[in-house]
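Everything on this sheet refers to the single structure shown next.
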Amino acid sequence: PPQPGGGDAGLRARGDLLAPGSRGPKEALVSTGDVSCGRPHGAEWPSLCPLPASQSDSADHPRRPLVSGASPETSASPKKPKYSQKEKEVICQAVWQRRKEREARRRQQEQEKERKRALAKMLKAQRPGECQKYITVVLDPVLLQVEGGGQILSALQAANYSCVVENQAVPCSITWRRKTVSSQMEEGDEWAEEPNVLVLLRLEEFLSMEAQGRTEGEKETLQTYVAHVMEKMPGKILALAAVGVENYFRSLRVQPKKRLRQAAVSRKQEEEQRKWRKKQVKDSGLEITRMDMEEALVDLQLCKQVQVSFFESWEDLGEFATMFTKAVAEAPFKREREKTGFSFYLEKGWCRGVKVDPSGKGLLEVWKRQIQQFNRVSLKMAEAIVSAYPSPQLLNQAYSRCSSEQEQENMLANIPVCHGDGATATSRRIGPELSRRIYLQMTSHNPDLYLDST
C-alpha cells in the first residue's frame with residue numbers, strides 16, 4: 001500500500017523496486033482513470049488531477065470555447081426581443097397612460113384629504129367654545145352715544161367677542177357677522193350676515209310709541225316702528241330692548257304715597273301739584289298703565305312676532321347682549337344637533353336600550369317599553385298591563401280565549417292603574433280606547449294601520 005504522504009513520493013518509493021525505464025506503475029495509474037495535468041512523459045509528477053467519471057466519459061466530445069472574461073451563465077442569456085416602431089409607440093402610450101392615472105389618483109386622494117380637513121374644521125368651528133371665535137358683533141355708533149351704551153361694548157369685550165362700530169340701517173341696533181368656514185378648499189375669509197338684529201328703544205321713545213298706540217294719531221306706534229324696521233332690514237329676526245321701564249312704573253306707585261304724606265301739610269297745594277304733574281304727563285304722551293303696556297306687547301307679538309325685553313339697568317342689558325351673542329354663535333350647532341332623523345323625541349334612558357342576558361332577564365323591561373310606545377301611555381299604565389300579562393305571548397293566548405272580537409277589544413279596559421301612595425293614592429282604569437289600540441297592534445296584519453285614527 002502507498003505510504004502516508006501519497007503522491008509522487010509513494011510512486012518513487014515503489015519505482016525504486018522496478019527496473020530502470022519500466023513504465024508499469026504509471027501506466028497502471030493512468031488506466032484506473034487518473035490522468036496527468038499535461039506533464040510530458042518522463043517528467044517529474046508532483047501531483048495527479050482527478051477527473052470525474054462524467055467528465056472522463058465526455059472527454060471524446062469537443063468542448064465549446066468560452067468567451068474570455070465571461071461565465072457560462074452569462075454566455076447562455078437570451079437575447080432581448082426587438083420591437084417595431086409601432087409597437088414601441090403603443091408601449092410608450094400605455095406607460096404614459098398609467099402614469100397619468102397614477103397622478104390623477106394621487107391628486108384625487110390629496111383633494112379628498114383636503115376636503116376632509118376642511119369639513120373637520122367647519123364642524124369644529126360650529127362647536128360651543130369655538131364658534132365664538134368666528135362671530136363679530138357690529139354696533140351702531142348711535143348706540144355708544146346713548147347713556148349706558150358703552151357698558152354694552154365693555155360687556156361684549158369682557159366676554160372676548162370681536163366688536164366693530166359701523167353705521168347700521170336702524171339706529172341703536174346690534175347685528176352679527178360670522179366668518180364662514182366652508183367644507184370646500186377655498187382660500188380667503190368670507191363673512192356672512194346673521195339674520196338676528198337687536199334694537200334698543202330709549203325709554204322716552206318706547207313710552208311715546210306705547211301711548212300713541214291707544215290713539216288714532218299720525219305719530220309712530222310700536223307696530224308702525226316695527227314695520228319700518230323690517231322694511232329697512234328685510235329677512236331679519238327683530239328683537240327689541242328697553243331700559244328703565246320698571247323704574248318708570250315704580251315711580252308712578254311712589255307718587256300717590258308722596259301725595260298722602262304731603263296732604264297733611266297742604267291738601268290744596270298737593271292738588272295743584274297733582275293736576276300740574278298730570279297735565280305734564282298727558283302733554284308728553286307718557287301716561288300709560290302696566291295693563292296698557294302688556295296689551296300692546298301681546299298685540300305686537302301676535303301681529304309682528306316681535307318680543308320686547310325690559311331691563312332695569314344698563315349692566316343687565318350688557319349681560320343680555322352677551323348671552324344673545326352666544327346664542328347667535330351656537331345656533332348652527334344646535335340646528336344640526338336637532339336633525340336626529342327621528343320624528344319623535346327619544347329620552348336619554350330610551351337611547352341606551354335594554355340589556356337582555358341569555359337567561360331572559362330584561363325581557364320584561366322590553367315588553368314594558370313596547371307598551372309605552374303607544375301614544376298617551378304613561379309608565380304606570382304600562383306597568384299595570386305588564387303585571388297582568390308579563391309577555392306578548394300570554395296576551396295573545398288571552399285574546400285567543402275570548403269568545404268575540406268585542407270582548408278582545410275591551411279585555412284590557414278594566415285593568416286598574418294606581419297613582420300615588422298612601423291617603424293620596426288614586427286609581428284609574430286603562431280604558432277601552434287604549435285597550436282597543438293594543439288589541440289592533442297585537443292582532444292586525446295591516447302594516448299601514450294608523451292606530452291613533454282607529
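In the UniProt record's numbering, the protein residues as written are 1 to 454.
Ideal Cβ positions, reconstructed from N, Cα and C, are used throughout, including at glycine.
What you are looking at is a predicted structure, and each value in this text was computed from that prediction instead of being measured.
Check whether L144 and V165 have beta carbons under 8 Å apart: Cβ atoms of L144 and V165: closer than 8 Å.
Selected residue, minimal CA-CA separation from N410, among D421, A398, C418 and H419: With distances taken between Cα atoms, N410 lies closest to A398.
Residue range of the unbroken beta strand (DSSP E) whose run includes I135: Where I135 is concerned, the enclosing beta strand (DSSP E) stretches over I135 to L139.
Minimum length 3: unbroken beta strand (DSSP E) runs contained in the segment 151-208: Runs of the beta strand (DSSP E) inside the segment 151-208: 162-165, 173-180 and 190-201.
Segment contact, 8 Å Cβ cut-off, at least three pairs: the segment 313-321 with the segment 143-162: By the C-beta criterion, the segment 313-321 is judged to be in contact with the segment 143-162, since at least 3 inter-stretch pairs fall below 8 Å.
DSSP-derived helix/strand/coil call for F311: Strand, per DSSP.
Residue from V243, G244, A242 and A227 whose Cα sits closest to the Cα of K236: The residue among V243, G244, A242 and A227 with its C-alpha nearest the C-alpha of K236 is A227.
Residue from Q93, Q132 and S435 with nearest C-alpha to A413: Nearest of Q93, Q132 and S435 to A413, Cα basis: S435.
Sequence-distant residues of its chain with Cβ nearer than 6 Å to P128 (five each side left out): Around P128: E330.
For C49, three-class secondary structure by DSSP: The pLDDT assigned to C49 is 45, lower than 50, so where the model puts this residue is not dependable, and the model offers no usable value.
Classification of Q408 by the beta-carbon crowding that lies within 10 angstroms, buried from 16 upward: Q408 is buried by the Cβ-count criterion.
Backbone CA spacing between K232 and I174 [nearest angstrom]: K232 and I174 have their alpha carbons spaced roughly 14 Å apart.
Rounded straight-line distance, which links the Cα of S387 to that of N446: C-alpha separation (whole angstroms): 28 Å.
Cutoff 7 Å; reference Q301; Cβ partners in own chain excluding five residues on either side: If we look at Q301 and ignore the five residues flanking it on each side, its Cβ neighbours are Q307.
Proximity winner among G360, Q109, C418 and S404, relative to E383 (alpha-carbon distances): Comparing Cα positions, the closest option is C418.
Anticipated Cβ contact below 8 Å, A242 with L203, distance rounded: Separation of the CB atoms of A242 and L203 is rounded to 6 Å, and the pair is thereby assigned contact status at 8 Å.
From E405, K380, G431 and L364, residue whose alpha carbon lies closest to that of D421: Residue K380 is the option with its Cα nearest to D421.
Euclidean distance between Cα positions of M442 and E338: In this model, M442 and E338 are separated by some 33 Å (Cα to Cα).
Per-residue DSSP class, three states only, for P416: Three-state result, P416: strand.
Nearest candidate by alpha-carbon position, reference Q131, set T180, T289, E294 and L200: Residue identity check: residue 131 is Cys in the sequence provided, not Gln. Closest option to C131, Cα to Cα, is T180.
Endpoints, alpha helix (DSSP H) assigned at R290: In the DSSP assignment, R290 falls within the alpha helix (DSSP H) that extends over R290 to K304.
Neighbour flag for Q85 against chain B, beta carbons, 8 Å: Reference to chain B is not applicable here, since this structure consists of a single protein chain.
Simplified DSSP assignment, three categories, for S387: Reduced to three states, the DSSP call for S387 is helix.
Buried versus exposed call for T325 [16 or more other C-beta atoms within 10 Å across all chains shown]: Looking at its Cβ environment, which holds 16 or more other Cβ atoms inside 10 Å, T325 is buried.
Sequence-distant residues of its chain with Cβ nearer than 6 Å to N375 (five each side left out): Leaving aside the five residues that flank N375 on each side, the residues in its chain whose CB is nearer than 6 Å to its CB run, in chain order, D452.
Local conformation of S427 per DSSP, three classes: In this structure, S427 counts as strand in the three-state DSSP scheme.
For I385 and S427, the rounded distance between their alpha carbons: Here the C-alpha atom of S427 lies approximately 14 Å from the C-alpha atom of I385.
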